[in-house]
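Following UniProt numbering, the numbering of the sequence shown begins with 1 at its first residue and continues without gaps.
In this text, a Cβ means the ideal position worked out from N, Cα and C, and glycines have one as well.
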Amino acid sequence: MKINFIHTYVSVDCVVFGFENDKLNILLVQRNTDKKSKKDLKLPGSLIYDQEDVDDAANRVLFELTGIKRMSLKQFRCFASPGRSNNPDDRKWLDTAYQPNINRLITVAYLSLCKVDRKLNNVSKYKQTEWCPIDKIPQMPFDHNQIVKESLVEICRWIEYNPVIVFELLPQKFTISQLHKLYEAIYNKKIDIRNFHKKVAAMSYVIPLEEKQKDVSHRAARYYKFDKKAYNKLKTSI
């Protein structure tokens with residue numbers, strides 16, 4: 001049987017989540033196309049450079065996009081469907097952006113969590129970036145919508161194994177309502193607030209503060225903080 005070998009390239013795509021205005025957001029970039037009528041948003045990514053490790057490529061993309069050298073970053077899946085770059089618009093963009101003879105494009109997907117209130121210093125080739133609410137993500141090129149969907153499944157797995165990763169998305173001080181809405185956004189379902197309060201009360205590493213919200217139209221809620229030392233002590237004792 002004759003075997004046909006093709007020009008296969010490897011890329012990285014990064015799913016960067018943040019939490020703002022009680023919504024789970026994802027960091028998207030505007031790719032450079034000739035479309036003038038609408039935004040053409042996608043996940044930030046890049047082909048891997050010659051002699052570059054795949055993890056280094058993902059870190060490079062995030063650093064160029066955010067200016068942050070140390071971010072929570074994890075490889076979670078490879079997407080290698082033969083038809084993932086068959087769309088004519090996507091192939092045209094690949095030819096313009098990289099000019100290689102690409103027959104097939106395999107991408108290694110990475111997941112990262114970022115506090116939205118951190119100042120981002122974008123020096124990447126993607127000059128336009130924006131935080132987009134997870135429930136308002138547009139139809140994106142390639143299989144980027146599928147990658148986002150799979151990344152949400154992966155976050156749920158992370159939480160089951162290590163529940164404190166959710167605090168990487170919250171500000172230094174937060175309300176129980178914010179934490180509750182973050183869980184609802186991640187799991188995409190309603191969570192009973194009374195039972196949630198009971199679960200949080202059992203978390204010895206979630207510390208109530210004396211400070212409360214100010215200048216709000218509703219009853220001021222108490223602020224809390226995540227105590228990493230308390231969590232590590234609990235984990236060690238277990």
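Nearest candidate by alpha-carbon position, reference residue i, set the options
i: Pro44; options: Leu234, Pro208, Ser11; result: Ser11
i: Lys23; options: Val116, Lys235, His144; result: Val116
i: Asn195; options: Glu210, Ile176, Tyr205; result: Ile176
i: Val153; options: Pro133, His218, Asn188; result: Asn188
i: Asn232; options: Met203, Gln213, Lys214; result: Met203
i: Ile106; options: Cys114, Gln99, Ala97, Arg77; result: Arg77
Cβ-Cβ separation, residue j to residue i (assumed contact under 8 angstroms), whole Å
i: Val61; j: Cys14; result: 5 angstroms
i: Tyr223; j: Lys173; result: 4 angstroms
Alpha-carbon to alpha-carbon, residue j and residue i
i: Ile102; j: Tyr9; result: 7 angstroms
i: Asp90; j: His7; result: 16 angstroms
i: Leu170; j: Leu28; result: 19 angstroms
i: Val216; j: Pro138; result: 33 angstroms
i: Gln128; j: Asn21; result: 21 angstroms
i: Val108; j: Arg219; result: 46 angstroms
i: Ile48; j: Tyr98; result: 11 angstroms
i: Gln213; j: Gln51; result: 51 angstroms
Buried or exposed (CB count within 10 angstroms, at least 16 for buried), residue i
i: Tyr161; result: exposed
i: Ile191; result: exposed
Own chain residues within Cβ distance below 7 angstroms of residue i, not counting five before or after
i: Ser37; result: With a pLDDT of only 46 at Ser37, under 50, the local geometry of the prediction cannot be trusted, and no value is derived from it.
Spatial neighbours of residue i in its chain, beta-carbon cut-off 6 angstroms, leaving aside the 5 residues before and after
i: Arg84; result: Phe142, Asp143
i: Val123; result: Glu64
i: Asp227; result: Tyr205, Ile207
Cβ shell of residue i (< 8 angstroms), same chain only, five flanking positions each side left out
i: Ser46; result: Ser11, Val12, Ala57, Arg60, Val61
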